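2 protein chains.
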Amino acid sequence: MESDLSAFPRPHVAVDIALLTVRPTQDRLELVTLVQDRTEEPLGHSIPGRFIRERHTVAQTVDELLQLEVGISLGRRRPHPLRVYDDPDRDTRAWGLSIATWLALPWRAVAHATGTWRPISPSGTPRGVKLLFDHDRILREAVSELRDRYETSPDPERLLPGLFTLLDLRHLHEAVLGERVRKDTFNRRMREQLEPTGHETTSLSPPGPPHSAHASRRGRPAQLYRHPRRTTSHDGDLWRLPREQ
Amino acid sequence: MESDLSAFPRPHVAVDIALLTVRPTQDRLELVTLVQDRTEEPLGHSIPGRFIRERHTVAQTVDELLQLEVGISLGRRRPHPLRVYDDPDRDTRAWGLSIATWLALPWRAVAHATGTWRPISPSGTPRGVKLLFDHDRILREAVSELRDRYETSPDPERLLPGLFTLLDLRHLHEAVLGERVRKDTFNRRMREQLEPTGHETTSLSPPGPPHSAHASRRGRPAQLYRHPRRTTSHDGDLWRLPREQ
DNA sequence: GAAATAGTGTCTATTAGACAATATCGT
DNA sequence: ACGATATTGTCTAATAGACACTATTTC
């Protein structure tokens with residue numbers, strides 16, 4: 001590193017965010033992403049993005065972006081880093097980098113966002129639109145990461161409210177993965193990563209904080225679970241090579 | 246995005262790289278990293294870094310960095326993205342971002358690099374020095390990623406030459422992981438991800454390209470293996486939830 | 001009672017991990 | 001022959017996946 005920093009050219013730096021959520025439909029849940037219509041050239045569809053402000057962090061930029069251009073609040077959550085897009089020709093106007101991020105939020109927190117929520121196809125891109133720049137690719141990678149995380153953890157993105165049943169959780173997984181999963185294996189794997197509350201679903205609200213509507217009001221009442229303590233690191237020792245004593 | 250891009254402030258963007266390799270010692274291999282002495286303020290030890298040039302990519306910048314300030318050649322390899330460090334106060338001279346990357350190269354390609362190769366402690370930081378900025382943390386994360394990759398794959402970073410034995414491979418793993426691993430389980434897991442060549446180690450060189458010195462010239466000759474075709478994606482279906490038909 | 005859902009039990013094939021035995025070399 | 005290493009075989013406990021059965025509610 002040299003001393004006179006002003007001698008170095010500096011790129012424009014944008015932050016793009018793939019925003020994902022799971023939305024209830026008539027009979028099920030579906031994974032959707034937020035697509036916006038650009039008002040500047042080049043016109044078309046894109047995911048939300050914004051140039052980073054002086055001495056702002058990526059997280060701050062995402063925060064501003066969500067507040068000003070999407071109309072939602074980030075809260076205490078942090079966006080997941082995805083990658084840096086550095087093709088010098090990716091923006092025809094000037095030399096710029098894009099820091100791609102992604103974030104999954106519960107539907108109730110983002111239902112009113114500015115833009116159009118579009119269902120995600122099995123391949124990970126939004127159905128029915130072609131996005132500008134490399135945004136289809138960003139979205140594919142974001143969806144891929146989200147799906148990977150849900151293969152092994154109950155609800156890493158905390159899309160469910162504080163109390164939920166295994167059926168709620170399975171519906172969530174099927175929406176994220178875009179496929180049906182086997183009930184018994186699913187339940188067994190997930191149960192050991194969850195904390196039972198001792199309470200069951202009833203017609204009345206259970207004691208404690210209110211929780212969202214559950215999948216069905218028919219059938220036998222189900223155990224209510226909550227998210228595990230963070231210490232239940234149910235990963236990491238998986239597929240490690242056995243060490244010599 | 247607005248039209249007049251010149252209105253936006255732009256950060257300095259540096260690329261830092263954690264360079265890792267496995268070096269032979271008298272009786273074993275050890276994981277080492279390259280530490281350099283800074284010639285500018287703040288003085289101290291750091292990993293190689295450089296500001297990105299106009300319309301250059303991260304990979305190009307790494308390439309220049311390695312050629313000009315380390316004296317080695319990147320070849321066709323690509324650095325692994327790590328994360329973006331965006332603390333506005335991380336550099337006292339000006340507002341800047343750091344794009345952290347890491348790369349592991351075979352010892353024979355980097356032995357003569359400019360700087361000091363320092364052994365990596367079990368925790369992932371170089372033994373005996375304290376690095377400037379957040380470089381200790383970058384290194385910890387790089388080593389963690391490297392170790393994760395070697396838990397499940399024979400040689401994802403291609404640190405071994407074209408032909409090698411399972412003993413060579415195990416020595417490599419033990420250097421990377423910093424722990425002994427069980428021979429039989431190791432061999433079984435790795436063998437199914439490798440291609441046997443049909444040739445064995447002998448006093449003479451085997452047919453084909455020359456390969457580096459093997460671990461030992463004692464004992465029964467061992468099968469020589471080569472890296473698998475990339476299609477042996479021996480991952481990805483691990484710990485997936487079973488789908489409903 | 002029928003339908004729907006929750007929860008439990010069990011069988012089997014597979015596999016990890018450990019241990020042991022055998023094979024083949026250099027010295 | 002001996003030491004060192006490679007390679008193969010086997011035993012056992014654990015577990016995934018599949019399937020079936022029972023339990024409890026709403027309608």
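Those sequence lines, one after another, are chains A and B.
Using the working numbering, read the first sequence as starting at 1 and increasing by one per residue.
Using the working numbering, read the second sequence as starting at 246 and increasing by one per residue.
Here a beta-carbon is modelled for each residue, glycine too, at the ideal position from N, C-alpha and C.
All figures in this text were calculated on a predicted structure; none of them were measured in a lab.
In the three-state scheme derived from DSSP, where H, G and I count as helix and E and B as strand, B:Q438 is classed as coil. DSSP places A:S123 in no beta strand (DSSP E); its state is neither H nor E.
Beta-bridge partners assigned by DSSP to A:I99: A:V15, A:V84. The closest CA to that of B:G360, considering only B:L319, B:Y330, B:L264, B:R328, is found on B:L264. Among the CB atoms of chain B, one or more fall inside 8 Å of the CB of A:I52. Looking only at B:G341, B:R328, B:T284, B:P351, the smallest Cα-Cα distance to B:I317 is reached by B:P351.
Considered as a whole, the segment 269-305 of chain B harbours 274-282, 294-296 as its complete beta strand (DSSP E) runs of no fewer than 3 residues, in chain order. Counted as a single uninterrupted DSSP element, the stretch harbouring B:L350 is not any beta strand (DSSP E), since DSSP gives it neither H nor E. Between the beta-carbon of A:V15 and that of A:I52 there is about 6 Å, and that keeps the pair under the 8 Å contact cut. Neighbours of A:T185 across chain B, judged by C-beta separation under 9 Å: L486, P487. Nearest C-alpha to A:Y225 among A:E174, A:R158, A:R180: A:R158. Rounded to whole angstroms, the gap between the alpha carbons of B:G341 and A:Q193 is 41 Å. A check of alpha carbon separations from B:P324 across B:H418, B:T302, B:D334, B:E314 identifies B:T302 as the nearest.
Following the DSSP letters along the chain, one finds B:L469 inside the beta strand (DSSP E) bounded by residues 468-471. Here A:E244 carries a coil assignment [DSSP, helix/strand/coil].
According to the DSSP assignment, A:I72 belongs to no alpha helix (DSSP H), since it is labelled neither H nor E. In this structure, the beta-carbon distance from A:T33 to A:V62 does not fall below 8 Å. Annotation: the continuous alpha helix (DSSP H) that includes B:H416 extends over 411-422.
For A:F164, no Cβ of chain B is located within less than 8 Å of the residue's own Cβ. Apart from sequence neighbours up to five positions away, the residues of its chain that approach B:R425 with a beta-carbon distance below 8 Å are E419, ordered along the chain. Below the 7 Å Cβ cutoff, chain A contributes H12, F51 as neighbours of B:F253, in chain order.
Taking C-alpha positions only, A:V35 is separated from A:L160 by approximately 23 Å. Judged by beta-carbon spacing, A:P126 lies beyond the 8 Å limit of A:R137, meaning their Cβ atoms are not closer than that value. When Cβ-Cβ separations below 8 Å define contact, B:E275 makes no contact with chain A. One thing to note: B:V355 has its Cβ no nearer than 8 Å to the Cβ of B:I344.
Across the structure, A:H112 and A:L66 are spaced so that their CA atoms are roughly 12 Å apart.
B:R415 sits close to B:K428, with the two beta carbons spaced by under 8 Å.
Restricting attention to A:Q26, A:T39, A:R243, the CA atom closest to the CA of B:E396 is found in A:R243. For A:T197, the CB contacts under 6 Å within the same chain, skipping 5 residues up- and downstream, are L224, R226 in chain order.
As the crow flies, the alpha-carbon of A:S153 is around 21 Å from that of A:R28. B:H357 sits in coil when the DSSP states are folded into three classes, being neither helix nor strand.
Per the C-alpha coordinates, the member of B:D400, B:L377, B:P401 positioned closest to B:L288 is B:L377. In the three-state scheme derived from DSSP, where H, G and I count as helix and E and B as strand, A:E200 is classed as strand. By the rule that beta-carbons nearer than 8 Å mark a contact, B:R382 does not touch chain A.
In this structure, B:R392 lies near B:L422, with their beta-carbon atoms less than 8 Å apart. At a cut-off of 8 Å between beta-carbon atoms, B:E396 makes contact with chain A.
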